[in-house]
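Numbering (full-length UniProt numbering), first residue to last: 1 to 188.
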């Protein structure tokens, strides 16, 4: 398993413009990985941004499974819980999260909420689990949902602790997409 951050593009993806700007660098990294010698090429790829930027383009360009963390997380949540709520980073991403939910799991996403904590702060400040956890609890109560989907890759380290605290599945898309990618390589 290997994680690569493209050097071109924004340092964090917090809105539609950031998503558009990250796609060329993402595709360059994925194509370069695909050009490696046999045995060093990826068996599958995961786009670890909740907006699933460049997902369709990457799938068209590569001959291996390419998964997005939003798609994997939403399907996992729909399978384990039925109705779920999404807690994402910035308010600017709410509309995109709703679009993806409608595309991937119609009628399963019951609400999308933003903590309005910048991605790089979530990534570097473990105390952000507190307001994120509070928002998850509010979403569960408001939506009467049975699971939470974390709508930002930077929230991944919080999934297990929030699952314990909230008593419902808290789905981390990075883990969901990685496990699904592993499964798809076996099924190919």
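Note that CB positions come from ideal geometry on N, CA and C, so glycine has one too.
In this text, all values refer to a predicted model and were calculated from it rather than measured experimentally.
Taking the alpha carbon of residue 2 as the point to measure from, which residue in 105, 182, 188 and 106 has its own alpha carbon closest? The shortest CA-to-CA distance from residue 2 to any of 105, 182, 188 and 106 is the one to 182.
Rounded straight-line distance, which links the Cα of residue 35 to that of residue 41: 7 Å
Quick check: what's the CA-CA separation for residue 86 versus residue 162? 13 Å
Give the straight-line distance between the Cα atoms of residue 38 and residue 108, rounded to the nearest whole angstrom. 41 Å
Under 8 Å: do the segment 69 to 76 and the segment 144 to 158 share three or more Cβ pairs, one atom per stretch? yes
Return the bridge partner residues of residue 145 from the DSSP annotation. In the DSSP output, where bridge partners are listed per residue, residue 145 has none listed.
Return the CA-CA distance between residue 146 and residue 26, expressed in angstroms with no decimal places. 33 Å
Out of 112, 160, 89 and 91, state which residue places its alpha-carbon closest to the alpha-carbon of residue 100. 112
Residue ranges of each beta strand (DSSP E) within the segment 78 to 160, 3 or longer: 84 to 88, 109 to 114 and 148 to 151
Close beta carbons around residue 152, own chain, < 7 Å, minus the five adjacent residues each side: 50, 88, 89, 119 and 122
In whole angstroms, give me the CA-to-CA distance for residue 58 and residue 141. 37 Å
Take residue 48 as the anchor and find which of 22, 115 and 31 has the nearest alpha-carbon. 22
For residue 63 and residue 103, I'd like the C-alpha separation in whole angstroms. Between residue 63 and residue 103, the C-alpha separation is close to 23 Å.
Which one of 8, 135 and 125 has the shortest CA to CA distance from residue 30? Nearest C-alpha to residue 30 among 8, 135 and 125: 8.
Straight-line Cα distance separating residue 115 from residue 128: 9 Å
Element boundaries [alpha helix (DSSP H), containing residue 17]: 16 to 34
Within 10 Å of its beta-carbon, does residue 53 have 16 or more other beta-carbons around it, so buried, or fewer, so exposed? buried
Looking at residue 172 and the ligand PLP, is the gap between the Cβ and the nearest heavy atom below 6 Å? Here there are no bound small molecules, and the ligand PLP is not part of this structure.
Which word fits residue 65, buried or exposed, when buried means at least 16 other C-beta atoms lie within 10 angstroms of its C-beta? buried
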